[in-house]
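In the working numbering, the protein residues as written are 84 to 301. Quick reminder that beta carbons are idealized off the backbone N, C-alpha and C, glycines included. Worksheet: the structure to be examined is printed underneath.
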Ligand SMILES: N[C@@H](CCC(=O)N[C@@H](CS)C(=O)NCC(=O)O)C(=O)O
């Protein structure tokens, strides 16, 4: 472990549109944890990032202690365990939340990639993948029948862990998504996308280069 002596803040390697980085940034901002932000592009990752985490995915958070967190859910837990003003972590006491996040990060993400990036994945029938994604959307829609958010009436960890991926699913074909009969999901997503928090974490930052002035986020 290389202690991060340069700054009094953790260093976050992030990519604005990445759903994993989005959920981490939302938790960091909610917990009022400032970071030094290094905005990267995935086709040209900085060596300092891959030296810290050779698997080369974002987000990567280098803590003041030198510990490296390179899983977005770990970043969320780390931030919220320090400060969780709206008790987002309450959803994580339920096994159901873990199951839903596993489905999101597993099957849903798998089919989402093949639907959204069908040429990259050489997919012949992208609709099949869209249909597979819909199974998860239906499940979320059912969860939202009796409450505004997936766990209860307020935003929790569970919503934030899932929302960036459902947003991506919508963006793949906005008109089609908006015409689907999943009203609960549509309202839930709209509320989260229009939230102050989401807009605060989607602010654009210039690409980071070695020797740049530090950028404090948020
Ligand atoms: N399990 C990781 C996955 C992160 C991930 O796959 N991020 C994508 C961007 S959305 C990435 O960095 N991919 C590497 C690449 O495209 O080169 C996490 O939760 O942090």
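{"Query": "Less than 8 Å between the CB atoms is what I'm expecting for residue 236 and residue 230, so what's the real figure, rounded?", "Result": "5 Å"}
{"Query": "Are there any heavy atoms of ligand 1 lying less than 7 Å away from the beta-carbon of residue 151, as far as the coordinates show?", "Result": "no"}
{"Query": "Buried or exposed for residue 102, going by 16 or more other Cβ atoms inside 10 Å?", "Result": "buried"}
{"Query": "Let me confirm a value: residue 354 is counted as buried when at least 16 other C-beta atoms fall within 10 Å, else exposed. Which label applies?", "Result": "The structure shown has nothing for residue 354, since the chain only spans 84 to 301."}
{"Query": "Using a Cβ-based criterion (distance less than 7 Å to any ligand heavy atom), does residue 129 qualify as near ligand 1?", "Result": "no"}
{"Query": "State the DSSP-derived secondary structure class of residue 197, mapped to helix, strand or coil.", "Result": "helix"}
{"Query": "Please determine if the segment 236–245 and the segment 172–180 are in contact, where contact requires at least 3 C-beta pairs separated by less than 8 Å.", "Result": "yes"}
{"Query": "CB-CB under 7 Å to residue 145, same chain, minus the five flanking residues each way: which ones, in chain order?", "Result": "87, 93, 94, 135, 151"}
{"Query": "Could you check how far apart the C-beta atoms of residue 272 and residue 253 are, in whole angstroms? I think they sit under 8 Å.", "Result": "6 Å"}
{"Query": "Can you look up residue 107 in the DSSP assignment and give me helix, strand or coil?", "Result": "helix"}
{"Query": "Three Cβ pairs or more, each shorter than 8 Å: is that satisfied between the segment 117–129 and the segment 164–171?", "Result": "no"}
{"Query": "Starting from residue 164, trace the alpha helix (DSSP H) in both directions and tell me its first and last residue.", "Result": "155–165"}
{"Query": "Do you know offhand how far residue 297's Cα is from residue 289's?", "Result": "11 Å"}
{"Query": "Within the structure, which residues are defined as neighbours of ligand 1 by a Cβ-heavy atom distance below 5 Å, reported in chain order?", "Result": "101, 103, 125, 140, 141, 154, 155"}
{"Query": "Let me confirm a value: residue 195 is counted as buried when at least 16 other C-beta atoms fall within 10 Å, else exposed. Which label applies?", "Result": "buried"}
{"Query": "In the DSSP assignment, find the unbroken beta strand (DSSP E) run with residue 94 in it and report its ends.", "Result": "94–97"}
{"Query": "Mind listing, in chain order, the continuous beta strand (DSSP E) runs of no fewer than 3 residues lying wholly within the segment 258–298?", "Result": "none"}
{"Query": "Report all residues from its chain with a CB closer than 8 Å to the CB of residue 91; omit the five preceding and five following residues, and keep chain order.", "Result": "147"}
{"Query": "For residue 140 and residue 106, I'd like the C-alpha separation in whole angstroms.", "Result": "14 Å"}
{"Query": "Ligand 3 and residue 102: does any heavy atom of the ligand fall closer than 7 Å to the residue's C-beta?", "Result": "Among the ligands present in this structure, namely ligand 1, ligand 3 is not found."}
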